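Okay, structure first, notes after.
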Amino acid sequence: MIGKLNADRCFGLLFVVVGLALALYGWNLPTANRLGDVGSGFLPTILGAMIALLGAVLVIAPRSEECLAIGKGRLGTALGFIAAGVAHAALFVWFGFSFPTFAFLAVTMFMLSDHSLRALALSLVVAALFTGLLGWLLYGVLRVPLAHVWFFG
Amino acid sequence: MFETIFASISSLLATPSQLGLLCIGALIGLFVGTLPGLNATLAIAVLLPITFKLEPGTAIGFLTTIYIGAICGGLYGAALMRIPGNASSIATTLDGYPLVQKGFPLKALGTGVLANFCGGLLGLLFLVSCAPLIAGFGLKMGPYEFVVLILIALLLVILLSQGAMVKGLLMACLGMSLSLVGIAPIDGVMRLTFGNTDLISGLAIVPVMVGLFAVAQMVREVHRGDTEVKLDFNLKGFGVTLSEVTGNLINILRSSFLGVFVGILPGLGPAAAGMLSWAVAKQSSKTPEEFGTGTVKGVWAAESANNAAAGGALFPLLTLGIPGDTVTALLIAGFMIHGLQPGPLLFVSRPDVIADIYVAFLFAVVAIFLFQLATIRVVPRLLLTPKHFLLPMMLVLTVVGAYSAENRTFDVWLMFAFGALGLILERFGFSLAILILGFILGPIFEVNLRRALTFGQGDLTPFVTRPISGTFIAVTVVAVAGILLQRYLKQRNRAKERRLADSNS
């Protein structure tokens with residue numbers, strides 16, 4: 000509980016900083032003109048002030064509601080999954096759809112499995128099938144503009 | 000009008016090719032609605048050119064079935080995996096997913112499917128019977144009314160959702176702040192772009208929503224590892240009892256009406272309709288503490304409202320020729336391809352086209368209902384697919400979805416960034432649903448607030464003195480006072496019980 004309350008205080012402090020920065024940013028944007036328009040700086044200033052105020056409330060009186068616990072789990076695997084996802088997105092930019100998708104699927108499916116030879120073979124087959132089917136559906140049927148889709152160019 | 004509708008129904012039933020086309024439209028909609036990142040806008044934009052050669056009524060009807068299908072499709076991901084296929088199903092994650100986690104996927108999907116059907120039919124019924132009347136009322140809604148209505152929607156959702164009110168308010172403000180990125184409305188000033196050209200057009204809804212909900216959920220699942228989900232497939236029929244239906248009749252009617260009303264208002268859309276109806280259903284329930292823990296009442300409210308909102312969105316389009324969102328704007332393009340201008344004149348000059356659209360809507364609702372019922376015992380088995388296959392596939396779909404929405408790699412990075420934000424915020428009890436609602440409503444709020452203040456030369460009194468706006472405020476003040484009083488009494492009773500228990504022990 001103490002940890003959670005401290006977390007709320009940290010978040011509160013963060014919101015105070017973000018809110019003040021937003022309010023200051025909004026303050027420097029064009030404000031009210033002669034036509035009665037409040038200007039594009041009005042809402043950021045108001046929202047920033049509200050965020051800072053609510054953040055301060057959180058610092059002073061932290062809440063203690065139940066929240067989704069992270070608990071014990073496979074932190075390394077989760078981080079590996081995220082890294083693979085980011086790598087997939089990066090390769091997607093350079094190599095188009097099919098190759099990065101196949102590689103990402105094969106690697107992550109094997110990574111999340113029991114690491115047996117059978118799992119490796121299954122991961123490769125499922126990755127190839129899914130890449131082909133999805134490419135055909137998205138590019139061939141729905142005409143989603145993807146680059147380098149196997150069998151479609 | 001009813002004669003024309005019956006003529007259109009008999010003509011449709013006599014033409015198998017037309018029936019087949021509408022079926023395909025509904026299934027395409029269902030498919031894109033199920034996958035996070037893909038949506039009705041994309042499907043309609045892609046398929047618009049193929050409607051050139053079709054009859055106008057058939058063409059618009061085909062596009063309408065895609066729209067309806069996409070809204071219904073959001074149910075699957077939202078309930079089974081807490082990954083809403085589109086924004087309209089965000090409210091379904093609140094009770095649909097916990098219900099599935101309790102081991103009742105059939106009940107969650109059965110309720111959602113029936114709610115889709117009821118909401119769709121009621122939305123259509125409202126559309127056919129009171130289109131001109133309600134559209135006229137919608138036209139009287141000026142910027143003052145929009146500002147008040149958006150504030151009411153946010154306030155009610157914050158007050159009635161789980162968690163602390165301060166955190167809810169923070170999320171609403173943060174969501175609205177995120178919507179400020181890009182070119183400001185009215186004066187076109189660049190805001191919060193920090194010199195980045197990718198930010199000029201603002202943050203797109205697809206990467207933000209997919210990141211917050213889908214990516215965060217997938218990482219959470221990977222982290223949790225292979226946990227066995229006990230699924231009860233032994234329920235009779237499709238898991239919904241007659242008493243559940245009759246017990247929720249008022250909930251369905253109220254949510255559908257709210258859905259139609261919110262759908263009529265430009266920009267608010269099915270996402271706001273679902274959240275608002277869920278919050279109102281919780282407030283009206285005798286057991287509000289069950290909401291958010293997997294009660295069917297929450298699924299009924301969310302799913303009937305988002306489908307009814309589709310009917311509502313067609314009101315201003317057909318009666319006034321005003322599109323409320325990007326999908327209905329694309330439907331206008333469909334009209335224009337065939338040299339038609341939606342609006343009051345169309346009801347006089349081409350009632351057959353209007354009737355065809357109504358019939359296509361009806362057909363889509365019925366066809367999707369039958370399809371979802373037929374596959375209701377198959378779809379939940381998706382949860383039995385080993386996670387090491389399912390999760391990587393889902394991530395690929397989100398990456399492709401985020402990229403293809405606007406063909407920008409920047410959106411993929413944005414999606415991952417929001418995934419991280421979603422993980423952190425939810426871990427510490429901040430509601431993502433409220434954040435996304437603030438993000439969706441932010442731009443409409445700002446435009447209308449600035450218009451209202453410009454009209455009144457900075458004067459705030461019209462917010463209270465205008466009849467509709469004033470009534471909204473009065474009703475809200477009473478509702479908020481009621482909610483706060485209820486909370487206070489509940490807290491006092493709890494404290495009393497605790498004191499009694501302490502003195503007894």
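In order, the protein sequence lines correspond to chains A and B. Here numbering that gives the first Met the number 0 is used: the first residue of the first sequence is 0, the next is one more, and so on. Here numbering that gives the first Met the number 0 is used: the first residue of the second sequence is 0, the next is one more, and so on. For glycine and all other residues, C-beta sits at the position ideal for the given N, C-alpha and C. From a predicted model like this one, the values you see are computed outputs, not experimental measurements.
- When only Cα atoms are considered, ARG493(B) and GLY291(B) end up about 21 Å apart.
- With contacts defined by Cβ atoms closer than 8 Å, GLY32(B) and GLY73(B) form a contacting pair.
- In the structure shown, GLY224(B) adopts coil according to DSSP, grouped into three states.
- Excluding residues up to 5 positions away in sequence, PRO341 lie with their Cβ nearer than 6 Å to the Cβ of LEU317(B) in the same chain.
- Listed along chain B are VAL218, VAL221, HIS222, each with a C-beta nearer than 7 Å to that of ALA77(A).
- Taking a Cβ-Cβ threshold of 8 Å, the residues of chain B close to LEU53(A) are VAL165, LEU168, LEU169, CYS172, in chain order.
- Chain order gives no chain A residues near GLY19(B), where near means a beta carbon separation below 7 Å; the closest approach is about 16 Å.
- Only residues of its own chain outside the window of five on either side were considered, and among them none has a CB closer than 7 Å to the CB of LEU124(B).
- Exposure of GLU288(B) is indicated by the presence of fewer than 16 other C-beta atoms within 10 angstroms of its C-beta.
- Taking 8 Å as the CB threshold, PHE427(B) lines the interface with chain A.
- Within the region 414 to 442 of chain B, PHE415, GLU425, ARG426, PHE427, GLY428 place their CB atoms closer than 7 Å to a CB of chain A, listed in sequence order.
- For PHE444(B), the closest of PHE41(A), GLY11(A), PHE14(A), HIS114(A) by C-alpha to C-alpha distance is PHE41(A).
- Distances from the alpha-carbon of PHE5(B) to those of TYR487(B), VAL352(B), GLN100(B), LYS281(B) put VAL352(B) closest.
- Annotation for GLY174(B): LEU434, GLY437, PHE438 place their beta carbon closer than 6 Å to its own, counting only its chain and skipping 5 residues before and after.
- For LYS296(B), the closest Cβ of chain A is not nearer than 8 Å.
- The Cβ of ALA78(B) sits no closer than 8 Å to any Cβ of chain A.
- Comparing C-alpha distances from PHE370(B) to each of VAL347(B), VAL165(B), LEU62(B), LEU29(B) shows the shortest one belongs to LEU29(B).
- Among the CB atoms of chain A, none fall inside 8 Å of the CB of VAL99(B).
- Identification of residues in the region 443 to 473 of chain B having a C-beta nearer than 9 Å to some C-beta of chain A yields PHE444, GLU445, LEU448, ARG449, ARG450, LEU452, THR453, PHE454, GLY455, GLN456, GLY457, ASP458, given in sequence order.
- Across the region 79 to 94 of chain B, no CB contact with chain A closer than 8 Å is found for any residue.
- Relative to THR100(A), the option among VAL85(A), LEU111(A), LEU121(A) whose CA is nearest is VAL85(A).
- Between the C-alpha atoms of HIS387(B) and ARG376(B) there is a straight-line separation of about 22 Å.
- Against chain B, a Cβ distance below 9 Å from PHE129(A) picks out PHE388, PRO391, MET392, VAL395.
- Under DSSP, GLY181(B) forms a beta bridge with ARG190(B).
- Straight across, the Cα-Cα distance linking PHE129(A) with VAL205(B) is about 23 Å.
- Per the C-alpha coordinates, the member of TRP277(B), GLY441(B), GLY333(B), VAL279(B) positioned closest to THR57(B) is GLY333(B).
- Proximity to ALA42(B) across LYS52(B), PHE51(B), THR64(B) peaks at THR64(B), based on C-alpha coordinates.
- Considering only PHE1(B), PHE212(B), VAL395(B), GLY469(B), the residue with the shortest C-alpha distance to LEU104(A) is VAL395(B).
- For ARG223(B) and LYS296(B), the gap between their C-alpha atoms comes out near 29 Å.
- By the C-beta criterion, the region 448 to 468 of chain B is judged to be in contact with the region 139 to 146 of chain B, since at least 3 inter-stretch pairs fall below 8 Å.
- What THR107(A) touches in chain B, judged by beta-carbon distance under 7 Å, is PRO391, going in chain order.
- The three-state reading of DSSP puts MET140(B) in coil, since its state is none of H, G, I, E or B.
- Chain B places a beta carbon closer than 8 Å to that of ALA6(A), counting this residue as a contact.
- Contact check between the region 279 to 286 of chain B and the region 260 to 271 of chain B: fewer than three CB pairs, one atom from each, fall below 8 Å, which does not count as touching.
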